[in-house]
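Participant: Before I ask anything, here is the structure I am working with.
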Amino acid sequence: MARPSAPVYVVGVGMTPFVKPGQEGAADYPELARIAGTRALEDAGVAYDEVEQAYVGYVYGESTSGQRAVYELGMTGIPVVNVNNNCSTGSTALFLAAQAVRSGAVDCALALGFEKMKPGSLGSTYDDREQPMLRHIELLAQISEVKFPPAPWMFGAAGREHMAEHGSEPVHFAKIGYKNHKHSVDNPYAQFQTEYTLDDILASKEIYAPLTKLQCSPTSDGAGAAILASAEFVERHGLAEQAVEIVGQAMRTDFESSLSTRRARDVIGYDMNVKAAQAVYEEAGLGPEDFQVIELHDCFSANELLLYEALGLCGEGEAPALIDAEDTTYGGRWVVNPSGGLISKGHPLGATGLAQCAELTWQLRGTADKRQVDGVEAALQHNIGLGGAVVVTAYQRAER
Numbered sequence: 001m002a003r004p005s006a007p008v009y010v011v012g013v014g015m016t017p018f019v020k021p022g023q024e025g026a027a028d029y030p031e032l033a034r035i036a037g038t039r040a041l042e043d044a045g046v047a048y049d050e051v052e053q054a055y056v057g058y059v060y061g062e063s064t065s066g067q068r069a070v071y072e073l074g075m076t077g078i079p080v081v082n083v084n085n086n087c088s089t090g091s092t093a094l095f096l097a098a099q100a101v102r103s104g105a106v107d108c109a110l111a112l113g114f115e116k117m118k119p120g121s122l123g124s125t126y127d128d129r130e131q132p133m134l135r136h137i138e139l140l141a142q143i144s145e146v147k148f149p150p151a152p153w154m155f156g157a158a159g160r161e162h163m164a165e166h167g168s169e170p171v172h173f174a175k176i177g178y179k180n181h182k183h184s185v186d187n188p189y190a191q192f193q194t195e196y197t198l199d200d201i202l203a204s205k206e207i208y209a210p211l212t213k214l215q216c217s218p219t220s221d222g223a224g225a226a227i228l229a230s231a232e233f234v235e236r237h238g239l240a241e242q243a244v245e246i247v248g249q250a251m252r253t254d255f256e257s258s259l260s261t262r263r264a265r266d267v268i269g270y271d272m273n274v275k276a277a278q279a280v281y282e283e284a285g286l287g288p289e290d291f292q293v294i295e296l297h298d299c300f301s302a303n304e305l306l307l308y309e310a311l312g313l314c315g316e317g318e319a320p321a322l323i324d325a326e327d328t329t330y331g332g333r334w335v336v337n338p339s340g341g342l343i344s345k346g347h348p349l350g351a352t353g354l355a356q357c358a359e360l361t362w363q364l365r366g367t368a369d370k371r372q373v374d375g376v377e378a379a380l381q382h383n384i385g386l387g388g389a390v391v392v393t394a395y396q397r398a399e400r
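Letter 123 of the sequence shown, counting from 1, is numbered 123 in the UniProt record's numbering, and no numbers are missing.
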């Protein structure tokens, strides 16, 4: 796949702290959107009336909540597209905004995502129609014992499968939780900022073995935003010093393997992860070895382990060795989830992908404070939603 003829740049990012839902006095979604959107505009140094289109993501909310959210920034009559793609909603908004700029339709677009969630495990909203994940769940039920809530069961089953096939052990999954909680200590936006011992991770409440509570992402309230711009816009506004280029981006949805396999990893989207990553590497002219920092979708530690292999950081079955060598933290070959990831930073579904974008933008600019990774030249983002869609994005500084 050839590189796009029209480059796309992230010129401004902003987010709110991610917090536990249901707290008294917590901000409503319009306020969350206002804070994140305003911070992104201020970071870019542009006014809202220069934004020509807005793509606004959320999973839990009424129709046209996207309009209500961005009206906090201004009411300029621009197209506002409401986006809902399960846990990959935020990165889908980013993908669509980038498409709009890359196509030449606009010079400046806003991608914004927010979520105001209910405490506790995710549940369905409507019970009078087929659930979109029904076929995935029915297939997995033929492979694995059924356990509710479904999300930890589905990812936990894939973790058990890896243990049976490749010899990974519960401690490998726990080490991922340990790493991500340790990273979040230096992230003021993270829902959790507490470091735990490995024994703490292993001893926390079992959700679905090998997953314990401290290896599972929490429900969260929060918002994130990014301003995307064309080369002409960057030049006109003098933004080259802070601009981060999207050098590769791909979205993929489920392949037949997701519903015809006898493998738990395929039910949770392994094939679409692999194919999206490969498309991005080809477009960007980069390989896994060329990235220094990665934000990936660690909704559960089992998914992060599987993603090491799907994204090509190591070969199939080699993730445990990568973990034992501490190659995915500071001092290793990559720093994965310096933000704390979904496990510790939090997971407000519509905002997750845009928070990842913000973290990687700060890393590439060298402004990530105590989380800063040394010598960042390229960064990789992965965000998935079951049912299913995945977006993978590669970034470099504009001058590179």
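Ideal Cβ placement from N, Cα and C applies to all residues, glycine included.
Measure the C-alpha to C-alpha separation of residue 3 and residue 329 and round it to an integer number of angstroms.
Facilitator: Because the pLDDT of residue 3 is 44, which lies under 50, any placement of that residue in the model is unreliable, and the question is left without a value.
Participant: With distance defined between alpha-carbon atoms, name the residue in 239, 302, 291 nearest to residue 269.
Facilitator: Selected option, being the one with the closest Cα: 302.
Participant: Is it true that the region 204-213 meets the region 231-242, where meeting means three or more beta-carbon pairs spaced less than 8 Å apart?
Facilitator: Too few Cβ pairs lie closer than 8 Å, so no.
Participant: Can you check which of these residues, 392, 125, 136, 316, is closest to residue 260 by C-alpha distance?
Facilitator: Minimum Cα distance to residue 260 is reached at 136.
Participant: Helix, strand or coil: which one does DSSP assign to residue 92?
Facilitator: Here residue 92 sits in helix by DSSP.
Participant: What is the C-beta distance between residue 32 and residue 223, in whole angstroms, given that I count them as a contact (C-beta under 8 Å)?
Facilitator: Their Cβ separation, rounded to whole angstroms, is 4 Å, which keeps residue 32 and residue 223 in contact under 8 Å.
Participant: Would you give the residue range spanned by the beta strand (DSSP E) that residue 294 belongs to?
Facilitator: Start and end: 293-295.
Participant: Taking the Cβ atom as the reference point for each residue, do residue 323 and residue 175 lie within a distance shorter than 7 Å?
Facilitator: A contact, by the Cβ cut-off of 7 Å.
Participant: By how many angstroms is the C-alpha of residue 147 removed from the C-alpha of residue 1?
Facilitator: The predicted model places residue 1 with a pLDDT of 41, which falls under 50 and marks its position as unreliable; any figure quoted below should be read in that light. Each residue's alpha carbon lies about 41 Å from the other.
Participant: What separation, rounded to the nearest whole angstrom, lies between the Cα atoms of residue 78 and residue 101?
Facilitator: Cα to Cα, the separation comes out at about 15 Å.
Participant: Give the DSSP-derived three-state secondary structure of residue 444 in the structure shown.
Facilitator: Beyond the ends of the chain as shown, which are 1 and 400, falls residue 444; an answer cannot be given.
Participant: Which full runs of the alpha helix (DSSP H) of 4+ residues lie inside the region 213-244, going along the chain?
Facilitator: The region 213-244 contains these whole alpha helix (DSSP H) runs: 231-237.
Participant: So what does DSSP say about residue 347, is it helix, strand or coil?
Facilitator: Looking at residue 347 - three-state DSSP - the assignment turns out to be coil, as it is neither helix nor strand.
Participant: On a Cα-Cα basis, can you pick out the residue from 55, 71, 98 that is closest to residue 82?
Facilitator: The option with the nearest alpha carbon to residue 82 is 55.
Participant: Which stretch, first to last residue, makes up the alpha helix (DSSP H) that contains residue 156?
Facilitator: 150-166 is the extent of the alpha helix (DSSP H) around residue 156.
Participant: Per DSSP, residue 389 is paired with what?
Facilitator: 253, 385.
Participant: Can you have a look at residue 142 and say buried or exposed, based on whether 16 or more other CB atoms are within 10 angstroms of its CB?
Facilitator: By the neighbour-count rule (16 or more Cβ atoms within 10 Å), residue 142 is not buried but exposed.
Participant: Taking the alpha-carbon positions, what's the residue 107 to residue 173 distance?
Facilitator: Taking the straight line from one Cα to the other gives about 43 Å.
Participant: What does the alpha-carbon distance come out to for the pair residue 297 and residue 350?
Facilitator: Near 13 Å, if we compare the C-alpha coordinates of residue 350 and residue 297.
Participant: Apart from the five residues just before and just after residue 489, which ones in its own chain have a Cβ nearer than 6 Å to its Cβ?
Facilitator: No statement about residue 489 is possible, as the shown extent of the chain runs from 1 to 400 and does not include it.
Participant: Which residues does DSSP pair with residue 87 in a beta bridge?
Facilitator: BP columns for residue 87 point to 85.
Participant: Mind checking whether residue 346 and residue 149 have CB atoms under 7 Å apart?
Facilitator: Contact: no.
Participant: For residue 373, I'd like the list of residues in its chain whose CB is within less than 8 Å of its CB, leaving aside the five on either flank, ordered along the chain.
Facilitator: The answer, listed in chain order, is 292, 293, 330, 335, 338, 363.
Participant: What distance in whole Å lies between the Cβ atoms of residue 161 and residue 39, which are believed to be in contact at a cut-off of 8 Å?
Facilitator: Going by Cβ atoms, the distance from residue 39 to residue 161 rounds to 41 Å, so no, they are not a contact pair.
Participant: For the alpha helix (DSSP H) holding residue 12, just list the boundary residues, first then last.
Facilitator: That residue, residue 12, is in no alpha helix (DSSP H); its beta strand (DSSP E) goes 9-15.
Participant: Quickly, what does DSSP pair residue 246 with across the bridge? List them, please.
Facilitator: 395.
Participant: What whole-angstrom Cβ distance do residue 376 and residue 383 have, given they're in contact under 8 Å?
Facilitator: With a Cβ gap of about 19 Å, residue 376 and residue 383 do not count as contacting.
Participant: Within this structure, are the beta carbons of residue 12 and residue 43 separated by less than 7 Å?
Facilitator: Yes. Within cutoff.
Participant: What three-state label does DSSP hand residue 363 in the structure shown?
Facilitator: Helix.
Participant: Determine which residues share a DSSP beta bridge with residue 115 and list them.
Facilitator: The partner list for residue 115 (beta bridge, DSSP) reads 222.
Participant: My output table needs one value for residue 3: the three-state DSSP class, helix, strand or coil.
Facilitator: For residue 3, the predicted structure reports a pLDDT of 44, less than 50, and the residue's modelled location is therefore unreliable. A value from the coordinates is still provided. Reduced to three states, the DSSP call for residue 3 is coil.
Participant: Between residue 228 and residue 122, what straight-line distance do the alpha-carbon atoms span, to the nearest angstrom?
Facilitator: So the two alpha carbons sit approximately 31 Å from each other.
Participant: Confirm, please, whether the CB-CB distance from residue 246 to residue 46 is below 7 Å.
Facilitator: Not in contact: residue 46 and residue 246 (Cβ atoms no closer than 7 Å).
Participant: Using only the alpha-carbon positions, how far apart do residue 30 and residue 332 sit?
Facilitator: Going from the Cα of residue 30 to the Cα of residue 332 covers about 40 Å.
Participant: Assign residue 309 to one of two classes, buried (16 or more other C-beta atoms within 10 Å of its C-beta) or exposed (fewer than that).
Facilitator: The residue in question, residue 309, is buried, as its Cβ has 16 or more Cβ neighbours within 10 Å.
Participant: Comparing C-alpha positions only, which one of 319, 88, 271 sits nearest to residue 356?
Facilitator: Comparing Cα positions, the closest option is 88.
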